[in-house]
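K.L.:
In mature numbering (1 follows the signal peptide of the UniProt record, and there is no 0), the protein residues as written are -21 to -1, 1 to 336.
Structural data, given as structure tokens:
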């Protein structure tokens, strides 16, 4: 990446032993989202430092990395950039199909919960400050359609972003995989003055309302009613309770810790936080409408456009009309329409896929 050489010297100086110490703006914590995990979701928020104990670096052609630091830590993870950068995958030692216990993460209200959130601020100038609230999960369980699961992958970064104007929140973004929605501050649900985010079962996509969520609404390439996500008011999680805080300087493209000694080198890691997508020929792998059962893990926070010009990384209008939940009847109707429009060729493809399982 272009910023790699640009910040090399500064990166070396501002390492884990940095003397940088700055107060986190009070409003960043005061208006931080409250997250409700889906009540049946077995995959909880996770410790992204502990995650490194369960993975090893593999390059894109499935070869181990000879020069990898051992053990992997938040302080040395960036060294993998010299071994392949974005072609490096932090691969689970057991393999994605093993579904080991550590995939489940930790109860965010329990004593083992830590390092499950990273809060990053970006000063955009003219009184505008972005606050990104990143949530980490060891595993993303995909959505199920007619008994088939799509979008499973090791590692999952999701986030909300709040835009502050002179310390006053005026808009919020909810990430949903590679897409998302932005809303004006006044129309989203609040709890004690803090916005509420609903985490979808398994996938942890962030929504502004509870209930059924049609993925077609955010990604038109997905047929209506094909992928439905579920959110509800399950376990309550306050991400500020175990978060690491950082500032992102958009001019130098570098990070600064708000707390002395907080590791920052991991934020420069260019690779993928999880296994590579399994080849189509691998037993158990399948695809339909461009969606696959096993997909690659995500890249880290620096790839989420921390200095974006618009509320959405890909650009979107900020919704200002009151939010309405999609009713179960509307979802049912969408599903019926989707399968009514499912032509003979599509049905044949689905039948072939089912026979491969």
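C-beta atoms are modelled at their ideal positions from N, C-alpha and C, and glycine is treated no differently.
1) Compute the distance between the beta-carbons of residue 59 and residue 36, then report whether it is under 8 Å.
2) Can you tell me which residues form a DSSP beta bridge with residue 266?
3) Return the chain-ordered list of same chain residues with a C-beta closer than 6 Å to the C-beta of residue 111, the five sequence neighbours on each side being excluded.
4) Can you grab the Cα-Cα spacing for the pair residue 248 / residue 278, in whole Å?
5) Between the C-alpha atoms of residue 244 and residue 283, what's the straight-line distance to the nearest angstrom?
6) Nearest-angstrom Cα distance between residue 265 and residue 128?
7) Do residue 253 and residue 156 have their C-beta atoms closer together than 8 Å?
8) In this structure, does DSSP put residue 145 in helix, strand or coil?
9) DSSP three-state call for residue 16: helix, strand or coil?
10) Which of the three DSSP states is assigned to residue 253 in this structure?
11) For residue 206 and residue 270, I'd like the C-alpha separation in whole angstroms.
12) Using beta-carbon positions only, say whether residue 208 and residue 122 come within less than 8 Å of one another.
13) Could you check if residue 215 is buried or exposed, using at least 16 other CB atoms within 10 Å of its CB as the buried criterion?
14) Looking only at its chain, what residues have a beta carbon closer than 7 Å to the beta carbon of residue 144, apart from the 5 residues adjacent to it on each side?
15) Mind checking which residues open and close the alpha helix (DSSP H) that includes residue 8?
16) Within 10 angstroms of its Cβ, does residue 80 collect 16 or more other Cβ (buried), or is it exposed?
17) Does DSSP classify residue 131 as helix, strand or coil?
18) CA-CA distance, residue 170 and residue 42?
19) Could you tell me which whole alpha helix (DSSP H) segments of length 4 or greater appear in the region 14 to 55?
20) Near residue 300, what residues of its chain come up, given a Cβ to Cβ distance below 8 Å and the 5 sequence neighbours on each side ignored?
21) Reducing DSSP to helix, strand and coil, say where residue 76 ends up.
22) Rounded C-beta distance between residue 225 and residue 234? I'm assuming under 8 Å.
23) Going by other Cβ atoms of all chains shown within 10 Å of its Cβ, with 16 needed for buried, is residue 28 buried or exposed?
24) For residue 174, does the three-state DSSP call read helix, strand or coil?
25) Can the beta-carbon of residue 92 be found closer than 8 Å to that of residue 113?
26) In this structure, does DSSP put residue 345 in helix, strand or coil?
27) Please identify the residue among 190, 302 and 204 whose C-alpha is closest to the C-alpha of residue 161.
28) What are the start and end residues of the beta strand (DSSP E) that includes residue 237?
29) Spatial neighbours of residue 163 within its chain, please: C-beta separation below 8 Å, excluding the five flanking residues on both sides.
30) Is residue 185 closer than 8 Å to residue 176 when the C-beta atoms are compared?
31) What is the DSSP secondary structure of residue 219, counted as helix, strand or coil?
32) By Cβ distance, which residues of its chain are closer than 6 Å to residue 51, with the 5 residues on each side in sequence left out?
33) Between the Cα of residue 416 and those of 291, 77, 116 and 103, spot the shortest distance and give me the residue it belongs to.
34) With C-beta atoms as the reference, is residue 291 less than 8 Å away from residue 82?
35) For residue 244, which residues does DSSP report across the bridge?
36) Is residue 90 buried or exposed, if buried means 16 or more other CB atoms sit within 10 Å of its CB?
P.N.:
This is what the structure holds:
1) yes
2) 271
3) Taken in chain order, the residues that qualify are 99, 138 and 140.
4) 8 Å
5) C-alpha of residue 244 to C-alpha of residue 283: approximately 17 Å in a straight line.
6) If you draw a straight line from the Cα of residue 265 to the Cα of residue 128, it comes to about 9 Å.
7) Residue 253 places its beta carbon 8 Å or farther from that of residue 156.
8) coil
9) Judged by DSSP in its simplified three-state form, residue 16 adopts strand.
10) Coil at residue 253, not helix or strand.
11) 10 Å
12) Cβ distance < 8 Å, so residue 208 and residue 122 count as in contact.
13) exposed
14) Excluding positions up to five away in sequence, the list reads 106 and 107.
15) In this chain, the alpha helix (DSSP H) harbouring residue 8 covers 5 to 9.
16) Looking at its Cβ environment, which holds fewer than 16 other Cβ atoms inside 10 Å, residue 80 is exposed.
17) strand
18) Rounded to the nearest angstrom, the two C-alpha atoms are 48 Å apart.
19) none
20) 166
21) helix
22) 5 Å
23) Burial is judged here by how many other beta carbons sit within 10 angstroms of a residue's own beta carbon; residue 28 has at least 16 and is buried.
24) DSSP places residue 174 within a strand segment (E or B) once states are collapsed to three.
25) no
26) Outside the modelled stretch of the chain, which goes from -21 to 336, sits residue 345, for which no answer is possible.
27) 302
28) Where residue 237 is concerned, there is no enclosing beta strand (DSSP E), given that its DSSP letter is neither H nor E.
29) 149, 150, 297, 298 and 299
30) yes
31) helix
32) 31
33) Here the chain has residues from -21 to 336 only, and residue 416 is not among them.
34) no
35) BP columns for residue 244 are empty, so no partner.
36) exposed
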